[in-house]
Amino acid sequence: MADQDRTDKVAFGAQLLEFYRLESRRFILWLPVLFGIGIWIFFALSTEPDHRTVWIWVPLAIVAALPLRGALAALRLLCGLGAVTALGFSMAAWSAHRADAPQIRFPLGETVEGRVLWVSRSASGAPRLLLDDVTVYGLEPEHTPARVRLTVLDGVHAEMPAPGSIVRTYATLMPPGEPVEPGAFDFRKRAFFERLGGIGLVRGALLNVPAKTAPGPLDAVRVWIARQRDQMSRALREMLPGRQGAFAAAIIVGDRAEIGEADAEALRASNLAHLLAISGLHMGMLTGLVFASLRLLLVAFPWTALNLSTRKLAAIGALLAGASYLALSGGTVATQRAYVMVAVAFTAVLFDRPALTLRALALAALIVLVLRPVSLLDAGFQMSFAATAALVTGFEQLRSYGDRGPPSKTGLAHTALRAVLVFIGSLLVSSLLAGVATAPFAAYHFNRSAPYGLLSNLLALPVMGFWIAPSASLAAVLAPFGFAEPALQVMGQGIEQVLRVAHWVSGLPGAVRYIPAAPTVVLPMIALGGLWLLIWRGPWRFAGVAAITGALLIWHTAPPRPDVLIAPEARLIGFLGPEGRVLDHPTAQGFAAKSWLRRDGDAADQESAAIRPGLLRDASSLAAEVGNWSIRAVWSRKISDIDLARFCTEKTILIARYGGAIKGRCIYFGEAELSRSGAIAIRFTPNAPDVTLARDPARQRLWSLQ
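With my numbering, the residue at position 184 of the sequence shown is 180, and numbering never jumps.
Shown next, in the form of structure tokens:
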């Protein structure tokens, strides 16, 4: 028995040595993962931690690790890993308190004054103004939001103010929108971290007023860049009228305001919507093109080729081009993330290190998370790094297999054929890897999949890389001399081809499939399973496949969607009926209706859902039967509380938008209850209804409406 124990220990020690031999260089790749886990823990908490004590966990973990030696060295490693996780938690807490700014708590109508940061358009096409340096007459400075967004509804203002202008107008201000159901997208959280404290509607004339104080140097630069973006967007739409100009403005200066809904939906359905967001694809194409062009130009002259490091000079030029693109595109979070990734890659070139490695990607992820911890929750961050990690790992494996093969034949014909095959194969493999890596994240966040996404990307990406990007770069070079229009016309034809591909693919049968919302645990399981699979090298990495498979099984066997959904203040109600969710109104609260149906995995539109069977309606109320429970909603202001109380019977859910306090045996949501609860989801169980509130009193965070 002793010999067997000794043999087992030797075998286990050999396994540990083999693990260390294969994986020791990969340990560092887990640093951004652990940092991200700390961030995730912070956002997953139900109550706000004390920001004065969150930092204490980092030094505690480090101090605990210092005295550990010998057999306790493993605990020292665990304490170090805990310190990284604690640091992520603390950075997330610090960023939340740094972003904390006043928010509008209730609707109010007041005169608003502020500086225009950017002019965009809403989904309906109405102009929108983003203002900072805000003054709200009637609000004390300590209660005034740092930023507000105003939508101009009437057609009186033909000419919108330019960025940097100071405007004054009468507006109705409201708090940023709440989730349309518990667990759905929380615009209020995003607005909190963007310091957007209110949204509103312009009710009066837009007056240009003089600035009270001169802007500082940084503000002056920011305003100048915003004006340049605005002028470039207008110029692009003038030289390329219609959808070509709208697409060009989106990919060059980040202005997607003029993209038509039909084109936007076609791009989404064909999985080409990522072409509109200035992200890793655009930044990579631009900087890669600048790098290659500068290097070719430098090696064309014998003196520079022999005496200068053309590779490093080209990398510096690519970094400067990327920084310029970052500024002119508006510096959105996605563009900042893309620039960090290419900056890490080209900095590696400057230090004679491989540019595209998992280490470079891990460093880029860590930088992004340190600068903006909330990025971890963004679909763009998750999909961008998932795609890049899959591409880097996949091509590492292909390169290792290629190195083992026999040497290729020489000769011009063989070389040309091999180059063509390599290009086609690389495009196919990269599209496949990126599509597989991002599909679960897209399905989780957007409740849709595009089965023909691989086809559309294979057709569109070469046009983007070899037609649109080079002509856009050439237009940028020629613009100072007034000769940009011919290059833009060439770019416009390339854009037209991409849009044709999008519309053709989106018109194919089954081009879009809607997927029901997943339980919250699914996304972390998929992310950690994928990272486990991509980071490790040994056979133990395939445990990641088990985690992903388990997550997909949980998703597939998830509990049914809520039987009843109630939008904030009961402005829309949806019931699960025999043909799917039936809505109580064909047009009201369009965003909530679309979100509910898509999270149900339902492709119907709101009007179709509103005429489904399952509701009894009259002018002032509606009623429905779900199982052995009755739901009644009353809209009339005239009905008395005494009459309401007659409906409050056992096994009844009573919703009265204007109802007061009543007594009875029902589950009652009157005006006071609806104003406190936000959106409501109800599931019927054999024992009693399970009621979930979006404004759960037990879950109060900095961005919650108190």
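All C-beta atoms, glycine included, are put in the ideal place defined by N, C-alpha and C.
Quick caveat, the model's predicted, so the values are computed rather than measured.
6 angstroms Cβ shell around residue i - same chain, five flanking residues per side excluded
i	result
G597	Y510, I511 and P512
L346	K308 and A311
E109	T131 and R164
Y440	A514 and L519
R695	S42
G200	T165 and Y166
A67	Residue confidence is low: A67 scores 49 on pLDDT, short of 50, so the model does not pin down where it sits. Its coordinate-derived value is still stated next. Nothing meets the Cβ criterion.
F189	A95 and V370
L530	A385 and T389
Residue i and residue j closer than 7 angstroms at C-beta
i	j	result
L354	L25	yes
A588	V176	yes
A262	S502	yes
I651	A629	yes
Y335	L316	no
A740	G666	This structure leaves residue 740 out entirely; the chain is present only between -3 and 702.
Q493	V459	yes
G194	I274	no
T343	M379	no
L232	A246	no
V95	R252	A small fix is needed here, since residue 95 is Ala in this sequence, not Val. It is not a contact, given that the beta carbons lie outside the stated cut-off.
T140	P98	yes
L698	A92	yes
V205	I162	yes
W631	R653	yes
T389	V338	no
A641	G660	yes
G570	L561	yes
Unbroken alpha helix (DSSP H) run spanning residue i, endpoints
i	result
T306	T306 to L324
Y166	Where Y166 is concerned, there is no enclosing alpha helix (DSSP H), although the beta strand (DSSP E) it sits in stretches over I162 to M170.
Y335	V329 to L346
L146	No alpha helix (DSSP H) contains L146, which is instead part of the beta strand (DSSP E) from R143 to V148.
L670	E667 to S673
L302	P298 to N303
L484	A480 to S502
R184	F183 to F189
G660	That residue, G660, is in no alpha helix (DSSP H); it is neither H nor E in DSSP.
V518	V518 to I531
V473	A465 to L474
DSSP state of residue i mapped onto helix, strand, coil
i	result
D215	helix
G76	helix
Y448	coil
D128	strand
L203	strand
R509	strand
T688	strand
Q720	One cannot answer for residue 720 here, as it falls past the ends of the chain, which runs -3 to 702.
Q240	helix
T353	coil
Y133	coil
T43	strand
P436	helix
P703	Nothing about residue 703 can be reported from this structure: the residues present for the chain run from -3 to 702 only.
P157	coil
P535	helix
Bounding residues of the beta strand (DSSP E) (the contiguous stretch that carries residue i)
i	result
F643	Premise fails: F643 lies in the alpha helix (DSSP H), D637 to F643, not in any beta strand (DSSP E).
V112	L104 to R117
L197	L192 to V198
I52	I52 -> no beta strand (DSSP E), and no H or E assigned at all.
L650	T648 to A652
A677	I676 to F680
Proximal residues to residue i (C-beta, below 7 angstroms), its chain only, five neighbours per side dropped
i	result
P211	V219
G160	R111, V112, V219, A222 and R223
K647	N624, W625 and S626
A765	In the structure as shown, the chain begins at -3 and stops at 702. Residue 765 is therefore absent and cannot be evaluated.
L387	S426, L429 and A430
L593	R577, A600 and A605
Same chain only: Cβ atoms within 8 angstroms of residue i, ignoring 5 sequence neighbours per side
i	result
A301	L294 and V295
7 angstroms Cβ cutoff, residue i in contact with chain C
i	result
T165	Note that chain C does not occur in the displayed structure, where there is just one protein chain.
**Request:** Entirely within the region 547 to 634 and at least 4 residues each: give me those alpha helix (DSSP H) ranges in chain order.
**Result:** 586 to 595 and 602 to 606
**Prompt:** Where in the region 242 to 277 do unbroken runs of the alpha helix (DSSP H), each at least 4 residues long, occur, reported from the N-terminal end onward?
**Reply:** 257 to 265
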